[in-house]
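Here the structure comes first, spelled out in structure tokens, and everything after it is commentary.
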Amino acid sequence: FLMQILLTKNLFILLCLYALCLLLALCSKIKMGFFLKRTWIFIPLFSLLIAIPALFNVVTPGHPLVDFKIVGIKLIITRQGLFGALFFIMRVLTSVSFAVLLSITTKHFELLKVLRVFGIPQVFVMTLGMCYRYIYLFVEIIENVYLAIKSRVGTKVHYKRGQHIVAWNIAYLWNRSYQLNEAVYKAMLSRGYRGEPVVMDDFKITAKDGLWLCFVVILSAAMIYLNYRLKI
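In this note's numbering, the protein residues as written are 99 to 330.
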């Protein structure tokens, strides 16, 4: 679906893909309010700010739709600019929606296993998995250290004292991460690690997966056909 979003040149196809994403979210029993907040905040809004200049004739000349003046400067919103901005926003929104849907419905170790199936180097996959797993631990360590300093020092600290505290925190976190790295690696070796991570849940393809794959292939072929047949 992400490849279809990147390759399509038709706004109607993007709308159909976004509607399909919402339908899949409902079928996955994801609360629509939670899903929309995850997909509409920050990235689509940021893309909206980027697309605003493309509305005007200064950036995208074309057939005028609306004209107005700001501080004596006449600005015109063009048809081509409006279509380009909507197309850009919908492409970003649809891509983010499918990525969020994948992250919500699929466990991270299954995604890492898929990366290995596609030939991604084992070192990269293992590093990505370790980062995903232990970033929450480091955030918790930082939060505990901050609360400890706040309870002992307070919120008002001289800037030189504050610099000393920040430097100490950086050194402490680096030392803690180094020790954790050594401990985790030794624990992995003691449990039989030989360079290839083993997934506890061994995923196997079932009949449902085959049907879903056929549906995706047929839908992708239909989208490619419509992409070349429909006019923008």
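Yeah, the Cβ is synthetic: ideal placement off N, Cα and C, and Gly gets one too.
Beta-bridge analysis with DSSP links Pro-162 to Thr-176. Between the beta-carbon of Leu-112 and that of Leu-153 there is about 18 Å, and that puts the pair past the 8 Å contact cut. By the 16-neighbour rule on beta-carbons within 10 angstroms, Tyr-270 is exposed.
Three or more Cβ pairs closer than 8 Å define a contact, and the region 137–149 meets that threshold against the region 182–195. The three-state secondary structure of Ile-171, taken from DSSP, is strand. Leu-210 is not a Cβ neighbour of Leu-200, given a cutoff of 9 Å. Residue environment analysis places Met-321 among the buried positions, since at least 16 neighbouring C-beta atoms fall within 10 angstroms of its C-beta.
Here the alpha carbon of Asn-108 sits roughly 36 Å from the alpha carbon of Phe-222.
Gly-131: member of the alpha helix (DSSP H) spanning 130–138, first to last residue. Bounds of the alpha helix (DSSP H) holding Ser-318 are 305–327. Comparing C-alpha distances from Arg-231 to each of Lys-205, Leu-121 and Ile-150 shows the shortest one belongs to Lys-205. Per DSSP, Lys-211 is one residue of the alpha helix (DSSP H) stretching across 206–215. Contact between Ile-202 and Ser-145 fails: their C-beta atoms lie close to 21 Å from each other, not under 8 Å.
Inter-residue distance for Leu-184 and Met-130 is about 22 Å (C-alpha atoms, whole angstroms). Membership of Ile-103 in the alpha helix (DSSP H) is indicated by the continuous run 100–105.
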